[in-house]
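A.B. asks: Position 244 of the sequence shown, counting from 1, maps to 244 under the UniProt record's numbering, and the rest follow consecutively.
The structure under discussion is supplied below as structure tokens; questions concerning it will follow.
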Amino acid sequence: MKKIVYKEVPSPKKSDNLIQVSLSDETMKERQEKVLDLIKKHNYDALVVYADIEHGRNFEYLTGFRTRFEESLLVYHKDGTAYLLLGNENTKMCAHSRIKANLIHQSYFSLPYQPMESENVEESLERAGIKKGMKIGLAGWKYFAYTDKKRQLFDAPYFIVDAIMNLIGDRNLLENACDIFIGAEEGVRLVNNANELAHYEFGAALAGNCMYDTVEAFEVGKSEMEIASHLEKYGQPNSLVTICSSGERFVNANLYPSEQKVQIGDRVSLSSSFKGGACCVAGYAVHNEDELPEGKQDFIEVLSKPYFNAITAWLTEIHIGMKGKEMYERMEELLPKEIFGWTLNPGHQVADEEWMTSTIYPGSEVELKSGMILQLDIIPKRDGYAGTGIETTIALADERLRGEIEKQYPELHKRINRRREYLKDVIGIDLPEEVLPFSDLLAYSRPYLLSKNKALCWE
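See below:
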């Protein structure tokens, strides 16, 4: 019978020379058609999609861009006509939009004290075709799935919601329609084609590369800021806050890497993230158990090994058609929340943002589908101990989709197979064919960050 051991193993090979894959015109047309189908299914006359610097991924799904520091709106009618309401510094982007749209300059979306000489928001929306008696879906970024008022709660700014309600004349004709994009049952963004998978694998793999360089550079006496320089690459935007913490966290409420230097025995948390996935590591800044804080010498036995056992089951048992509740219950069986203190979903869907939605929740009847990208995100904790973990990304792909990847993106196909072989031959985890590793560090768990040649594995 195999058991988990902590021993010397060769490091995984890093994926050098990653190349970005752009979303094709065919993919963007497919996205538009999927959204239009749901607009009609919900009997909306139009869908209004809101965006700002933090909450623009649904908008970007159709337009190909976000408007950064300005708010923006996409008005998408059921006949396919589209309007973009853009602020002073983003009007130029209408010409580059991946969805053909009519430009409406709306300076209320611009930065404070910039010229605001254009019409008000209500007038702009009227020009965009919103009128009395229309049924409108409004999509921000959040769907309030667990409430009985999920259609009546809106996460867009009040001045936009108010303008829409004034125009349509009946607040009951306005609904939260974010589920069109991220709803667990039918959200269009949950399932990806081969082009989208290749597009997102770049970011997931890049996060793994950054983490690889970070843990290799991790040394006593280096500052968090010095180490964190490895967590970003190529000027690519991060999908979550970069974490590089060694020792006490949140000193003076600070969230970001500081001049604090690594010391023996520190608790360590690291994260790198880009479009398509994140890579997060937690453990101790020690070479061996003798350097652990007093009374914590059993860290690997009481936390790291149970976690590794659970993620092994997650990776080897996940499959197309699996219900979300089945994975949730399996993780509860292997890592009981009462003991290991996790509170969030043990896995979630990923896209442009690190957490798009999750179909893995108590009682979930939603089945996992081919084309989904998932983050292996389980965060166990025990009182008095550091965290432990290696969070990375996988995709699910049936035989047809795997064949398309092999044909259209042969280098991605080779990376997937190389990662799969390493996991099987070195770590002792044999992935199902439909599970595609998107990171070189998948399941490469090093709880002692200063011991650079040892990891958990099965033998």
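Each residue gets a CB set at the ideal place from its N, CA and C atoms; glycine is no exception.
Here the structure is a predicted model, which is why all the values come from computation and not from measurement.
With DSSP collapsed to three states, give me the class of residue 121.
C.D. replies: Reading the sequence shown from its first residue, position 121 is the one you call residue 121. Note: residue 121 maps to helix in three-state DSSP.
A.B. asks: Measure the Cβ-Cβ separation of residue 373 and residue 311 and say whether it is below 9 Å.
C.D. replies: Reading the sequence shown from its first residue, position 373 is the one you call residue 373. Reading the sequence shown from its first residue, position 311 is the one you call residue 311. The answer is no: Cβ separation not under 9 Å.
A.B. asks: Should the stretch 180 to 191 be regarded as contacting the stretch 248 to 256, the criterion being three or more beta carbon pairs within less than 8 Å?
C.D. replies: Not touching, per the Cβ criterion.
A.B. asks: Do residue 378 and residue 458 come within 9 Å of each other at the CB atom, strictly closer than that value?
C.D. replies: For the purposes of this step, residue 458 is taken as the residue at position 458 of the sequence shown. For the purposes of this step, residue 378 is taken as the residue at position 378 of the sequence shown. Going by C-beta atoms, residue 458 is not nearer than 9 Å to residue 378.
A.B. asks: Whole angstroms are fine: how far does the CA of residue 53 sit from the CA of residue 265?
C.D. replies: For the purposes of this step, residue 265 is taken as residue 265 along the sequence shown, with counting starting at 1. For the purposes of this step, residue 53 is taken as residue 53 along the sequence shown, with counting starting at 1. Rounded to the nearest angstrom, the two C-alpha atoms are 38 Å apart.
A.B. asks: In the stretch 339 to 424, which residue ranges form an unbroken beta strand (DSSP E) of at least 3 residues, counting only runs that do not cross its ends?
C.D. replies: Counting whole runs of 3 or more residues, the stretch 339 to 424 contains the beta strand (DSSP E) stretches 373 to 376, 389 to 396.
A.B. asks: Among 71, 135, 291, which residue has its Cα nearest to the Cα of residue 174?
C.D. replies: What you label residue 174 is simply residue 174 of the sequence shown in a count that begins at 1. Measuring from the Cα of residue 174, the nearest candidate turns out to be 135.
A.B. asks: Given 8 Å as the limit, is there contact between the stretch 5 to 16 and the stretch 104 to 115, that is, 3 or more CB pairs closer than that?
C.D. replies: Contact fails: fewer than three Cβ-Cβ distances are below 8 Å.
A.B. asks: If you run the structure through DSSP and keep just helix, strand and coil, what is residue 246?
C.D. replies: Here residue 246 refers to the residue found at position 246 when the sequence shown is read from its first residue. Strand.
A.B. asks: With a floor of 3 residues, list each beta strand (DSSP E) that falls wholly inside the stretch 230 to 285, ordered by position along the chain.
C.D. replies: Here the runs fully enclosed are 243 to 246, 267 to 274, 277 to 284.
A.B. asks: Can the beta-carbon of residue 49 be found closer than 9 Å to that of residue 23?
C.D. replies: Here residue 49 is taken as the residue at index 49 of the sequence shown, counted from 1. Here residue 23 is taken as the residue at index 23 of the sequence shown, counted from 1. It is not a contact, given that the beta carbons lie outside the stated cut-off.
A.B. asks: Using the Cβ count rule (16 or more neighbours within 10 Å means buried), how would you classify residue 353?
C.D. replies: Taking the sequence shown and counting its residues from 1, one reaches residue 353 at position 353. So residue 353 counts as buried.
A.B. asks: Along the beta strand (DSSP E) that carries residue 458, what are the first and last residues, could you check?
C.D. replies: Mapped onto the sequence shown, residue 458 falls at position 458. Per DSSP, residue 458 belongs to the beta strand (DSSP E) from 454 to 458.
A.B. asks: Report yes if the C-beta distance between residue 130 and residue 349 is below 9 Å; otherwise report no.
C.D. replies: By one-based count along the sequence shown, residue 130 stands at place 130. By one-based count along the sequence shown, residue 349 stands at place 349. Contact flag unset, no.
A.B. asks: Determine the closest residue to residue 284 out of 218, 259, 422, 375, with distance taken between C-alpha atoms.
C.D. replies: In the sequence shown, counting from the first residue as 1, residue 284 sits at position 284. That would be 218, whose Cα lies nearest to the Cα of residue 284.
A.B. asks: Check whether the Cβ atoms of residue 203 and residue 137 sit closer than 9 Å, and answer yes or no.
C.D. replies: Residue mapping note: residue 203 aligns to position 203 of the sequence shown, counting from 1. Residue mapping note: residue 137 aligns to position 137 of the sequence shown, counting from 1. No. Outside cutoff.
A.B. asks: Measuring only the C-alpha atoms, how far is residue 450 from residue 299?
C.D. replies: One-based indexing of the sequence shown puts residue 450 at position 450. One-based indexing of the sequence shown puts residue 299 at position 299. Rounded to the nearest angstrom, the two C-alpha atoms are 15 Å apart.
A.B. asks: Where residue 412 and residue 406 are concerned, what is the direct C-alpha to C-alpha distance, given to the nearest angstrom?
C.D. replies: As a position in the sequence shown, residue 412 is number 412, starting the count at 1. As a position in the sequence shown, residue 406 is number 406, starting the count at 1. For residue 412 and residue 406, the distance between alpha carbons rounds to 8 Å.
A.B. asks: For residue 402, which of 383, 392, 375, 432 has the nearest alpha-carbon?
C.D. replies: The count along the sequence shown starts at 1 and reaches residue 402 at position 402. The shortest C-alpha separation from residue 402 is found at 432.
A.B. asks: Name the DSSP beta bridge partners of residue 223, please?
C.D. replies: In the sequence shown, the residue the question calls residue 223 occupies position 223. The partner list for residue 223 (beta bridge, DSSP) reads 261.
A.B. asks: In angstroms with no decimal places, state the Cα-to-Cα distance between residue 468 and residue 322.
C.D. replies: Missing from the structure shown is residue 468; the chain here goes from 1 to 459 and no further.
A.B. asks: Which same chain residues, not among the five before or five after residue 460, have their C-beta less than 6 Å away from its C-beta?
C.D. replies: Absent from the structure is residue 460, since the part of the chain shown begins at 1 and ends at 459.
A.B. asks: Helix, strand or coil for residue 437 per DSSP?
C.D. replies: The residue given as residue 437 occupies position 437 in the sequence shown. Residue 437: strand per DSSP, three-state reduction.
A.B. asks: Anyone know if the C-beta pair for residue 97 and residue 84 falls short of 9 Å?
C.D. replies: As a first step, residue 97 must be located in the sequence shown, where it is residue number 97. As a first step, residue 84 must be located in the sequence shown, where it is residue number 84. Yes, they are a contact pair.
A.B. asks: What residue range does the beta strand (DSSP E) around residue 215 cover?
C.D. replies: Counted from its first residue, the sequence shown places residue 215 at position 215. Note, residue 215: premise wrong, no beta strand (DSSP E); alpha helix (DSSP H) at 194 to 217.
A.B. asks: Tell me whether residue 137 sits in a helix, a strand or coil according to DSSP, three-state version.
C.D. replies: The residue you call residue 137 lines up with position 137 of the sequence shown. Three-state DSSP puts residue 137 in a strand.
A.B. asks: Quick one: residues in its chain with C-beta nearer than 8 Å to the C-beta of residue 31, no 5 flanking neighbours on either side, listed in chain order?
C.D. replies: The residue you call residue 31 lines up with position 31 of the sequence shown. Once the five neighbours on either side are set aside, the close Cβ partners of residue 31 are 61, 62, 188.
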